[in-house]
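Here is the structure we will look at.
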Amino acid sequence: MSPDHGALLYEGKAKRIYTTDHPEQVLVEYKNDATAFNAQKKAQLEDKGRLNCQISARLFELLEAQGIPCHYLGLAGDTWMLVQRVEVIPLEVVLRNIATGSLCRQTPIQEGTRIDPALLDLYYKDDDLGDPLLTDARVRLMGLVDDARLSEIEQLARRINGVLQPFFDGLELQLVDFKLELGLNKAGELLLADEISPDTCRLWDQRSRDANDRIMDKDRFRKDLGGVMQAYGEVLKRVHTACPNPRNCL
Ligand code: UDP
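Following the working numbering, the numbering of the sequence shown begins with 5 at its first residue and continues without gaps.
Next comes the structure, spelled out in structure tokens:
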């Protein structure tokens with residue numbers, strides 16, 4: 005069931021954004037489309053939209069309760085959430101607690117190496133350029149954000165990791181790495197935006213020893229391991245026990 009909404013504002017790879025009667029609030033619809041490798045690999049995964057929406061809602065509420073400012077306002081259906089309208093900063097902020105993925109492809113750092121304090125990597129959000137890795141100096145040169153905003157972004161991202169890592173640990177899920185997007189609302193406040201889900205996090209099941217079986221995130225799709233939605237469903241089941249009553253704003 006879809007809530008009453010206005011015009012389609014934007015359609016991305018995994019979500020659609022619609023206007024509402026309120027100029028500073030928009031509705032986000034989570035889609036079943038799965039993409040990987042800069043959208044070179046595509047599929048429809050039945051129920052992915054609902055699972056990611058429900059997981060994200062609970063994680064936003066967990067973070068909000070710990071004082072992290074989020075764009076999230078509440079759920080508006082199985083695959084819908086109401087959020088504050090923000091201008092998304094074109095940076096992908098990646099926090100890494102365990103080395104894997106691009107870090108191990110691009111450096112000699114061994115897969116599985118623990119990283120403490122977490123490594124924070126910034127990428128330029130631009131599909132045509134393939135989301136390139138940035139340096140602070142490049143961020144400054146490009147004028148993406150000023151130094152004060154950049155350090156605010158880094159502090160916020162580390163605080164988010166500081167909440168999520170022990171939370172997932174309590175669910176016997178290892179938070180390997182994850183990607184954040186941040187935005188500015190009309191008042192100029194920095195808010196956590198986008199989503200936090202198995203599409204944007206790597207989660208390893210501590211109940212499993214097998215290097216493939218333990219994967220509970222989009223790597224199952226990237227690596228053709230099968231059982232993608234079963235893994236996302238298990239993540240929701242565990243997240244749900246820790247946060248059983250997400251707000252419904254309809
Ligand atoms: N990530 C994401 N969107 C992207 C790129 C990365 O959500 O466009 C997430 C990814 O799921 C992982 C983390 O960011 O949790 C680090 O990804 P990495 O840089 O290792 O890239 P990959 O190995 O997926 O190419």
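Just so you know, even glycine gets a beta-carbon here, dropped at the ideal spot from N, CA and C.
The beta carbon of K17 is closer than 7 Å to those of D37, T39, A43 in its chain, skipping five residues each way along the sequence. Taken from the Cβ of D203, at least one heavy atom of the ligand UDP lies inside 7 Å.
By the Cβ test, the stretch 80 to 90 is in contact with the stretch 187 to 198, since at least three Cβ pairs between them sit closer than 8 Å. Taking a contact as a CB-CB distance under 8 Å, the pair R100 and L107 counts as one, their CB atoms being some 6 Å apart. L124 is positioned such that its CB atom lies closer than 8 Å to that of E158. S60 and I219 have their C-alpha atoms spaced approximately 18 Å apart. For P121, the uninterrupted beta strand (DSSP E) segment begins and ends at 118 to 128.
Here the stretch 109 to 117 makes no contact with the stretch 139 to 155; the two share fewer than three CB pairs at distances below 8 Å. Take the alpha-carbon of K52 and the one of A122: they are about 29 Å apart. The Cβ neighbour count for K183, taken over all protein chains shown within 10 Å, is at least 16; the residue is labelled buried. Just so you know, the alpha carbons of F41 and L49 end up roughly 16 Å apart.
L13 is classed as exposed because its beta carbon has fewer than 16 other beta carbons within 10 Å across all chains shown. Contact between R206 and D223 holds: their C-beta atoms lie close to 6 Å from each other, under 8 Å.
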